[in-house]
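Everything below concerns the one structure shown next.
Residue numbers (this note's numbering), protein chains in the order written: chain U, 5 to 120; chain L, 426 to 536.
What follows is the structure, encoded as structure tokens:
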């Protein structure tokens with residue numbers, strides 16, 4: 005089956021620093037990847053849609069200058085949280101949609117970000 | 426606004442019992458509906474995907490149904506086991522091709 009990985013699985017950083025999270029589709033090419041955020045005991049909220057070779061589309065209320073998304077290849081998308089603050093602490097999950105026409109999204113294992 | 430709701434938020438059931446989890450959505454114009462499982466601190470595992478043209482899907486002890494007209498889906502788990510304990514998320518793809526997640530039901534199977 006399709007596998008999506010994320011790195012790192014968890015990260016702790018100081019307030020004001022930037023953190024990069026990688027999302028990779030390991031055995032398929034993904035023209036579209038999605039980034040979600042999940043706060044404790046809440047559901048997943050879509051942050052942005054990442055399309056290979058073009059700018060990401062951000063959901064309302066998500067600051068594009070704070071959450072930088074780069075989808076430079078068909079197997080890699082990165083999310084950089086710039087100038088992180090404690091309120092950015094959350095569980096970030098990516099997913100990838102296969103270009104083969106399948107309807108489902110394949111989810112990564114998530115990255116736990118803690119900003120001190 | 427397209428919303429997905431799951432009730433109850435938490436459910437505890439003795440091992441061996443059958444159970445039903447509920448999901449409701451506000452817009453009947455859906456593309457598909459999925460049920461996921463999430464273990465604490467982990468990512469999502471896809472359980473079942475139901476296309477808008479389908480009424481149900483089955484995988485092992487799991488059966489998911491879809492009633493678009495009433496805006497409801499159910500996930501039936503037969504002969505529950507302690508390993509079934511997890512949070513179950515319902516997610517709907519509406520016409521805009523984005524997944525909208527419900528708030529989840531945290532299931533605990535009591536040995």
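Glycine residues also receive a C-beta, built at the ideal position from the N, C-alpha and C atoms.
Original post:
In chain order, which beta strand (DSSP E) runs of at least 3 residues are fully inside the segment 496–531 of chain L?
Top reply: The qualifying runs are 497–502, 511–519 and 524–526.
Original post:
At a CB-CB cut-off below 7 Å, which residues of chain L make contact with residue 48/U?
Top reply: Stepping through the first chain from its first residue, residue 48/U is reached at position 44. Within chain L, the residues near residue 48/U are 526.
Subject >> Counted within 10 angstroms of its Cβ, other Cβ atoms place residue 120/U as buried (16 or more) or exposed >> reply: Along the first chain, one-based indexing puts residue 120/U at 116. By the 10 Å Cβ count, residue 120/U comes out exposed.
Original post:
Under 9 Å Cβ-Cβ, which residues of chain L neighbour residue 28/U?
Top reply: The residue you call residue 28/U lines up with position 24 of the first chain. Below the 9 Å Cβ cutoff, chain L contributes no neighbours of residue 28/U, its closest Cβ being approximately 13 Å away.
Original post:
Roughly how many whole angstroms lie between the Cα atoms of residue 429/L and residue 117/U?
Top reply: The residue you call residue 429/L lines up with position 4 of the second chain. The residue you call residue 117/U lines up with position 113 of the first chain. One Cα belongs to residue 429/L, the other to residue 117/U, and the distance between them is close to 26 Å.
Subject >> Buried versus exposed, by CB contacts within 10 Å (16 or more), residue 41/U >> reply: Taking the first residue of the first chain as position 1, residue 41/U is located at position 37. It counts as buried.
**OP:** State the CB to CB distance for the pair residue 443/L and residue 513/L, rounded to an integer number of angstroms; the pair is presumed to be in contact (CB under 8 Å).
**Re:** The count along the second chain starts at 1 and reaches residue 443/L at position 18. The count along the second chain starts at 1 and reaches residue 513/L at position 88. About 15 Å separates the CB atoms of residue 443/L and residue 513/L; that is not less than 8 Å, and the two are not in contact.
**OP:** For residue 471/L, return the contacting residues in chain U, with the cut-off set at a CB-CB distance below 7 Å.
**Re:** Along the second chain, one-based indexing puts residue 471/L at 46. Under the 7 Å cutoff, chain U gives 108.
Original post:
In chain L, what lies closer than 7 Å to residue 114/U by C-beta?
Top reply: For the purposes of this step, residue 114/U is taken as residue 110 along the first chain, with counting starting at 1. Per Cβ cutoff of 7 Å: 467 and 468.
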